Each structure stands twice: as structure tokens, then as C-alpha cells.
Amino acid sequence: MGEKANYNPHGNAINTRFSVLICISQTQNNNMNPLDHVEFRRQGHMIIDFLADYYENINNYPVRSQVNPGYLLERLPDHAPFIPESIESILNDVEKDIIPGLTHWQSPNFFAYFASSGSTASFLGEMLMNGFNVVGFNWLASPAATELEIVVMKWLSKLLQLPPAFSFSGGGGGVLLGTTCEAFICTLIAARDKMLDQIGRENNEKLVVYCSDQTHVGLMKAAKIVGIKPENVRQVMTTKSENYKLSPQRLEELIKRDVEAGLFPLYLCATIGTTSTTTVDPLGPLCEVSSKYNIWVHVDAAYAGSACICPEFRHFLDGVEGASSFSFNAHKWLLTNLACCCLWVKDKSALTKSLSTNSEYLKNKATESGEVVDFKDWQITLTRRFQALKLWMVLRSYGVTGLRQFLRNHVKMAKDLERLVTMDSRFEIVAPRYFSVVCFRVSPYVIHQHHGNQHEVNEFNSKLLEAINATGLVYMTQSVVDGVYFIRFSIGATLTEDRHVKMAWELVQDQATSMLGTLAPKKASNGKHTKQIEDHFMCGTRKDHLRTYSFSRTREPNKES
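Structure below.
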């Protein structure tokens with residue numbers, strides 16, 4: 001960063017040197033052109049080269065950031081620079097100060113949460129989107145932005161084989177939002193207002209929302225924002241015997257109880273690919289129950305919706321014709337950079353009635369003709385980006401066959417990992433694998449030789465996960481279902497290959513062997529040496545870097561084929 005200066009309460013420089021520099025800066029700023037095409041081209045090439053080097057050398061960084069809280073606050077000045085700085089200086093600070101504080105979601109060794117898959121096509125689409133920088137709140141503001149979104153949502157609807165009722169011609173339609181949380185809020189508002197129009201606004205506090213105890217926490221947040229009383233959000237308990245699926249029978253029992261109490265069932269969220277175990281709720285039976293009570297059914301397929309473009313996974317959406325809305329996140333597993341949530345509704349009027357705005361300064365003949373779509377009326381905010389451009393580029397650049405192959409490769413890697421886990425008797429699979437997430441833990445039967453209760457088994461697996469992540473070589477996360485702590489191995493990063501999964505599993509085995517060995521020194525190890533694993537992961541990175549986990553972005557020719 002530039003040299004620091006001290007300023008009085010009026011913002012004036014205290015010393016003469018900085019006064020002179022500020023005067024020079026002000027003179028330069030009078031001629032400043034922030035969109036000079038020459039500088040745009042020069043600096044743009046620098047950024048592309050910087051990121052290309054980053055992706056080429058991404059294995060040289062610890063996957064999970066190793067910094068301590070507050071590290072960046074200590075490094076950066078406490079005020080913005082008064083003097084313009086060069087792109088070279090800024091990029092140097094990105095490498096020196098920002099990258100150490102990144103958890104590298106694009107690393108091939110990132111197996112945490114759900115991946116945020118990206119691609120060249122999507123990145124370039126983002127560049128075009130940012131370059132055009134249009135604000136497409138209505139059709140007139142940028143006709144191409146609106147109409148391309150309609151086209152892209154139509155393409156995706158056909159790939160997912162959604163019923164005609166979800167199409168614009170069928171009375172519904174699709175819109176691109178940022179996240180699933182936005183989809184929850186928009187559909188909850190639409191369902192709420194539609195219901196209150198029938199039963200009276202005074203009954204708002206009697207509305208009830210239903211989900212399972214595996215539903216994403218974003219629904220609870222959305223319900224709170226929309227005004228649903230927290231005690232009126234019903235989480236249907238799931239069981240291991242039913243693979244943690246939402247039970248239609250238990251759902252109806254709760255609904256009947258609420259109706260008898262004078263409450264009004266409003267909204268059900270069914271999930272295709274839950275966050276903890278990626279289980280799939282039975283859409284058909286759930287929609288049948290909900291239809292008896294006029295409940296709005298939203299299908300949250302944030303993670304697994306992408307996989308359903310493959311014919312072999314489409315059956316997971318059977319019964320979607322009974323739902324009121326459906327959403328999935330293309331930014332999770334469809335090679336589309338953040339953020340891109342695709343939402344379809346059957347009744348577009350329910351959405352637009354609740355979310356439309358009609359101020360004088362927004363009025364125009366195209367809108368008044370009723371022949372165009374104004375997506376500002378389909379979302380929370382007024383402003384919206386040209387999201388369709390990057391999704392359009394992804395669909396065209398990789399095609400349906402390429403996208404399906406990408407998804408199938410990850411599923412195959414997960415199948416192979418599942419097989420490896422079952423081959424090691426020290427581990428157990430905690431929940432069935434549906435897509436590309438494998439849930440496992442060190443078996444209680446192994447740990448019970450030294451520990452006698454579930455808490456200690458959970459604690460052992462928690463320490464195992466922390467030991468794995470502390471190496472910096474991989475990153476995995478955990479969940480707890482029915483009191484059982486387990487490790488989630490989520491495969492979805494764009495750069496992940498079979499070898500990354502295999503060596504990550506060997507690292508898990510080796511760390512488990514080390515920890516179990518402290519309890520049972522005579523127990524034989526069936527894992528490889530950690531050093532071998534580290535050497536493979538780092539693909540030739542210098543050994544002194546391995547010992548300290550101090551990684552650099554220096555280019556290493558012929559590092560990796």
C-alpha cells in the first residue's frame with residue numbers, strides 16, 4: 001500500500017510533503033478516465049495472467065486458510081489512500097495480504113461444504129456482464145438481458161424435464177436470483193400473501209411453515225424475515241431407518257394437529273439433496289399430502305438439481321408436477337460462478353403481485369403493453385445483473401453432453417471413494433450416498449476399545465477431522481445427524497481428479513492410524529506414510545515448504561501434467 005499520512009479532523013494533510021502529493025493527485029484526477037480503453041486492456045491482461053498463474057499453482061496453497069482472526073486488520077491502513085495507486089502495487093498486496101486469508105474453493109483438494117464450481121466460460125461471461133454493466137430491472141432497461149434470461153430458463157427447464165406449468169406459456173416461468181435464500185423469501189412471500197388474501201390479514205400470526213430437521217437453515221432465516229413466528233416453523237423429525245427423508249405420514253400428523261388448533265398450514269419445503277447427507281425427500285407423496293391442505297410446496301434442489309439434467313438422476317424429481325415452485329443453484333455444481341440460483345414458479349402472478357413495483361419513473365409503453373417480462377417484479381431487489389449471460393455461455397461452451405460428463409465424473413469419484421471406505425474396517429458409512437458426497441466416520445467399534453460413549457466417539461472423529469484439515473493439504477467439513485458426528489467428503493470442485501480423491505483418502509487413513517496408534521500402539525498401520533501423501537499433493541513443492549506449510553505462487557515449470 002502507499003505510504004501512510006496523518007490527517008487532522010478536517011481531512012487535511014498535516015505535513016507539507018503529503019499536501020504537495022495530494023495537490024498533484026487532484027490535478028491528475030481532473031484528467032482521470034476510469035474507463036480508458038488502453039489501460040483497461042493493459043490491466044485486464046495483468047489480471048488474467050495473475051489468475052491463470054493462481055489456477056496453475058493452486059496446489060501450492062493450504063486449502064483452508066491458516067491465518068488468525070484480525071490478521072488483515074493489522075496489515076492494512078485504517079483509512080483509504082488519498083493518492084491513486086498502481087495496479088502493480090495493488091496486485092502485489094493481493095498476493096501478499098489477501099491470498100493468505102483465502103480458503104481456496106477452486107482447489108482440487110477442496111472437499112468441504114458443497115463446492116462452488118467455476119469455469120472459463122462462466123468467468124468470461126462474468127467479464128462480459130461486468131463490462132456491459134447494464135441494470136436490467138425491466139425489459140426496456142436492456143431487452144437482451146430480459147429475453148436471454150427467458151431463453152436460458154427455458155433451456156434449463158427442458159433439460160430438467162419440468163412440467164409445462166412451470167413455463168411462461170403455461171402460466172408460470174423462471175427467474176435467475178442470487179441464492180436459495182432469496183428463492184425461499186420470494187416464494188414464502190408469494191405463498192403468504194396468496195393465503196392471507198383468502199383468510200384475512202389478521203391471521204398472519206397463525207401461518208405455519210413445514211420442513212424436515214434436515215432442511216437448510218436458510219429456510220428458518222427466510223421465514224423469520226417474512227414474518228412467520230419462529231414457533232410456527234415445524235421441523236419434522238427424520239430417522240436413520242428412513243435415511244433421514246421427510247416422512248409424509250409424520251408431516252400429515254403435524255398438519256392435522258395444527259388445523260385442529262386453528263392454525264393455517266402455509267408452506268412446505270422438500271429437499272432434493274439435503275446439506276448434511278444429500279438425502280432426497282419423496283416429492284410425490286409429500287405433494288399429495290400438501291394438496292389436501294392447499295399448502296405451497298417449494299422444492300429446494302440447490303445442490304442436486306444440477307445432477308438431474310442426467311437421465312439416470314431425473315427420477316429424483318418424480319412428483320415435481322405437484323409442487324408450486326422449484327429451485328437449484330447453478331453455482332454449486334453446474335460450472336457457473338457465484339451467484340446463480342434458478343427459480344421456477346407455477347403461478348407467476350402470485351410472485352409478481354407480492355413483489356411488483358409501479359413507480360412513475362419506471363413506467364413505459366413496453367411494460368404497459370403486457371407483452372414483456374419485468375424481472376424486477378420477480379425478486380426482492382429492484383436492481384439486477386445480467387446473470388443470464390454467464391449461464392448462456394456455460395451451456396453453449398460445454399453443451400449438454402459436456403455438463404453431464406462433468407457431473408458423472410464426480411459421481412464416479414464418490415462411488416470409488418465409498419468403496420475405499422467400506423474396504424477399511426476401521427471406518428463406516430454413516431448415510432447412503434446419492435450423488436457425490438460420502439459421509440463416513442471412524443467406527444465406534446474401533447474407538448469403543450478405548451472409549452465408552454457416543455460423545456467420545458464424536459470427539460475422536462472431530463479431532464480426526466481437525467488433524468486432517470490442519471495439514472493444509474485438503475479441506476473437509478462435518479455434520480451431525482441424530483447425534484452422530486461424521487465427516488462429509490464432498491466432491492464437486494472443477495479441478496478435482498481421481499488422484500486427488502485417492503490421496504485425500506490415504507491422508508484420512510494415515511491420520512486415523514496415527515491417532516488410533518496413540519491409543520493402541522501395537523495396532524498395525526494400513527496407511528501410507530504422510531510424507532508420501534504430502535509429496536503427491538504438492539506435486540514436487542519444495543520439502544521445506546511442506547514442513548512449514550508456507551506456500552508460494554511461484555510458477556514451477558513442468559510441475560504437473
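Counted from 1, the sequence shown has number 252 at position 252 by full-length UniProt numbering; the numbering is strictly sequential. By construction, the Cβ of each residue, glycine as well, lies at the ideal position given by its N, Cα and C atoms. Values in this document were obtained by computation on a predicted structure and should not be read as measured data.
Straight through space, the alpha carbons of I309 and S436 are spaced by roughly 15 Å. Using a 10 angstroms sphere on the CB of S349, the tally of other CB atoms stays under 16, which defines it as exposed. In the displayed model, L156 falls within a helix according to three-state DSSP.
Of the candidates V438, D482, Y303 and D424, the residue whose Cα lies closest to the Cα of V501 is V438. By the neighbour-count definition (other C-beta atoms within 10 Å, threshold 16), Q198 is an exposed residue. In the three-state reduction of the DSSP assignment, H45 falls in the helix class. By alpha-carbon distance to S479, the top candidate from M393, F114 and Q235 is F114. For A431, no alpha helix (DSSP H) segment is defined, and its DSSP state is neither H nor E.
Restricting attention to T471, P81, T146 and L251, the CA atom closest to the CA of Q387 is found in T146.
CA-CA distance, V508 to S425, rounds to 14 Å.
The residues T278, A414, K415, E418 and C439, in chain order, have a CB closer than 8 Å to that of R433 in the same chain once the five nearest residues on each side in sequence are set aside.
Here D36 is not bridged, per DSSP, to any residue. The residue from V299, D97 and N59 with its alpha-carbon nearest to that of L76 is D97. Between the segment 262 to 280 and the segment 206 to 218 there are three or more C-beta pairs closer than 8 Å, enough to call the two in contact. Restricting attention to beta strand (DSSP E) runs no shorter than 3 residues, the segment 468 to 510 encloses them at 475 to 481 and 484 to 490, ordered along the chain.
A distance below 8 Å between beta-carbons, with the five flanking residues on each side excluded, links Y398 to the following residues of its chain, in chain order: S119, A121, L335 and F406. With a threshold of 16 other beta carbon atoms within 10 Å, I48 falls short and is exposed.
Close CB contacts of N461 within its chain, under the 7 Å cut and outside five residues either way in sequence, are with R441, V442, Y485, F486 and I487 (chain order). Counting every other CB atom within 10 Å of its CB across the protein chains shown gives P164 a total below 16, marking it as exposed.
Annotated three-state conformation of V259 is helix, per DSSP. Check the Cα spacing between L246 and each of G262, D281 and H448: the tightest is with D281.
Under the criterion of beta carbons closer than 8 Å, N243 and L207 do not qualify as touching, at roughly 30 Å. Within the DSSP secondary-structure output, A270 pairs in a beta bridge with V299.
The beta carbon of F328 sits closer than 7 Å to those of A301, A302, G305, S306 and C342, all from its chain and outside the five residues before and after it, given in chain order. The continuous stretches of alpha helix (DSSP H) do not include Q106, and DSSP gives it neither H nor E. Taking every protein chain shown into account, the CB of M503 has 16 or more other CB atoms within 10 angstroms, so this residue is buried. Bridge partners of F264 according to DSSP: L207. Across the set M32, V217 and L362, the C-alpha of L362 shows the shortest separation from the C-alpha of G136. Boundaries of the alpha helix (DSSP H) around L391: A388 to M423. Beta-bridge partners assigned by DSSP to R201: none are found.
Boundaries of the beta strand (DSSP E) around N329: S325 to N329.
According to DSSP, residue pairing for R441 in a beta bridge involves E428.
Residue burial is scored here from C-beta neighbours: E312 has fewer than 16 other C-beta atoms within 10 angstroms and is therefore classed as exposed. The C-beta of K376 has 16 or more other C-beta atoms within 10 Å across all chains shown, which makes the residue buried.
When DSSP states are grouped into helix, strand and coil, Q161 belongs to the coil group.
Shown here for V67: same chain residues with a beta carbon closer than 7 Å to its own, the five before and five after excluded, namely P100 and G101 in chain order.
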